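The listed protein sequences derive, respectively, from chains A and B.
Read in order, the letters of the first sequence are residues 1 to 139 in full-length UniProt numbering.
Read in order, the letters of the second sequence are residues 1 to 139 in full-length UniProt numbering.
I have placed the structure first, in the form of structure tokens, so that the comments after it can refer back to it.
There are 2 protein chains.
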Amino acid sequence: MAKNETVKNGIFPMGPKNDAYAKFFTGQSYLQGLVADPAVNVGVGNVTFEPGCRNNWHIHHDGFQILLVTGGEGLYQEDGQPARLLKPGDVVVTHDGVKHWHGATKDSWFSHIAITAGTPEWLEAVSDTDYAKAEEGAK
Amino acid sequence: MAKNETVKNGIFPMGPKNDAYAKFFTGQSYLQGLVADPAVNVGVGNVTFEPGCRNNWHIHHDGFQILLVTGGEGLYQEDGQPARLLKPGDVVVTHDGVKHWHGATKDSWFSHIAITAGTPEWLEAVSDTDYAKAEEGAK
Numbered sequence: 001m002a003k004n005e006t007v008k009n010g011i012f013p014m015g016p017k018n019d020a021y022a023k024f025f026t027g028q029s030y031l032q033g034l035v036a037d038p039a040v041n042v043g044v045g046n047v048t049f050e051p052g053c054r055n056n057w058h059i060h061h062d063g064f065q066i067l068l069v070t071g072g073e074g075l076y077q078e079d080g081q082p083a084r085l086l087k088p089g090d091v092v093v094t095h096d097g098v099k100h101w102h103g104a105t106k107d108s109w110f111s112h113i114a115i116t117a118g119t120p121e122w123l124e125a126v127s128d129t130d131y132a133k134a135e136e137g138a139k
Numbered sequence: 001m002a003k004n005e006t007v008k009n010g011i012f013p014m015g016p017k018n019d020a021y022a023k024f025f026t027g028q029s030y031l032q033g034l035v036a037d038p039a040v041n042v043g044v045g046n047v048t049f050e051p052g053c054r055n056n057w058h059i060h061h062d063g064f065q066i067l068l069v070t071g072g073e074g075l076y077q078e079d080g081q082p083a084r085l086l087k088p089g090d091v092v093v094t095h096d097g098v099k100h101w102h103g104a105t106k107d108s109w110f111s112h113i114a115i116t117a118g119t120p121e122w123l124e125a126v127s128d129t130d131y132a133k134a135e136e137g138a139k
């Protein structure tokens, strides 16, 4: 469990339960806002996922998203592509309009900094079957 | 020296000596690029400063800079303001047009993620006198 404690006690706070976005997630996530400033075009937050937790498929319109992985083990998948296994230090750039999801692996907590521009469109949840396939394909 | 080892062995690589920007720094810095993508309007890098190292006064025009402190102890100062002492987990937002500098304290290594938009204008170095005053005022 050492890795899980590392995620929960990282450099940036884990923050409270992510109630505001809970309807767009499967499982429990936590969100600590880091930057929400009308004078800059990106928001920054620290997102933490319990094992098995992932967000729904979504798209950033007129924007982008950058993930900086800070702890644990996670998955990232773009529509039609195999999933990527993510570990601390990994970086993901999601381009404007690309349908994708991210989250923890089934047995590990996971945390990333998210740097986000534009307007998100939230889509369907990642089914248990597709989630299991993603993890299988990424390892 | 435990803290210094922590900075040098952080989540994101320290990268090579920052030769490209050496003329805009006093002392030795290191730079690991993380995102340089023409499809997004920000660049992201991990910057590490040896003890006493700081960058010159500079301005981000038509943009901004966000610092996410990842290790050690550092300083941030905007023109005309007292310096801030920075520790892991701290966040700094520099607005468009604001003259500022950042760097390590004199006895500690320091690292931060920099998320940068716009065009930098590099100005004069932070003199030894002003650097000492900044650190004194921040503690």
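By construction, the Cβ of each residue, glycine as well, lies at the ideal position given by its N, Cα and C atoms.
A quick note: this is a predicted structure, and the numbers were derived from the prediction, not measured.
In the structure shown, F24 of chain B adopts helical secondary structure according to DSSP, grouped into three states. Interface residue (Cβ-Cβ distance to chain A less than 7 Å): F12 of chain B is classified as such. Non-local C-beta neighbours of G80 of chain A in its own chain, meaning closer than 8 Å and more than five positions away in sequence, are absent. If you look at D130 of chain A, you'll find it in the alpha helix (DSSP H) that goes D128 to A138. Ranked by Cα distance from H102 of chain A, the options A:G63, A:G10 and A:C53 are led by A:C53. Taking a contact to require three or more Cβ pairs closer than 8 Å, the segment 27-45 of chain B and the segment 107-114 of chain B qualify as touching.
A contact is defined here as three or more CB-CB pairs under 8 Å, and the segment 84-93 of chain A fails this definition with respect to the segment 113-122 of chain A.
Residues are counted here when their Cβ sits less than 9 Å from a Cβ of chain A; for the segment 109-123 of chain B these are I113, I115 and A117, given in chain order. Below 8 Å, enough C-beta pairs join the segment 124-139 of chain B and the segment 47-63 of chain B to call them touching: three or more. Here the C-alpha atom of T70 of chain B lies approximately 15 Å from the C-alpha atom of V35 of chain A. In terms of Cβ geometry, V92 of chain A and L75 of chain A do not form a close pair [threshold 7 Å].
Nearest CB-CB separation between V40 of chain A and chain B: below the 7 Å threshold. N46 of chain A and Q65 of chain A have their C-alpha atoms some 13 Å from each other. Between E136 of chain A and T105 of chain A, the CB-CB gap reaches or exceeds 7 Å. Inclusion of E78 of chain B and V98 of chain B in the CB contact set at 7 Å is warranted, their separation being smaller than that value.
Between N18 of chain A and F25 of chain A, the alpha-carbon positions lie close to 9 Å from each other. Closer than 7 Å to the CB of L67 of chain B there is not a single CB belonging to chain A.
Contacts with chain A at 7 Å (Cβ-Cβ) include G89 of chain B. Here D96 of chain B carries a coil assignment [DSSP, helix/strand/coil]. In this structure, P51 of chain B sits away from D130 of chain B, with a CB-CB distance that is not shorter than 7 Å.
K23 of chain A sits away from M14 of chain A, with the two beta carbons spaced by 7 Å or more.
Taking D62 of chain A as reference, the option from A:H95, A:G72, A:P82 and A:G43 with the minimal CA-CA separation is A:H95. Cα atoms of A20 of chain B and A39 of chain B: separation of roughly 23 Å, rounded to the nearest angstrom. Against chain B, the CB of D37 of chain A has a partner CB under 7 Å away; the residue lies at that interface. Non-local C-beta neighbours of N41 of chain B in its own chain, meaning closer than 7 Å and more than five positions away in sequence, comprise A117, ordered along the chain. Annotated three-state conformation of T116 of chain B is strand, per DSSP. Closer than 7 Å to the CB of H100 of chain B there is not a single CB belonging to chain A.
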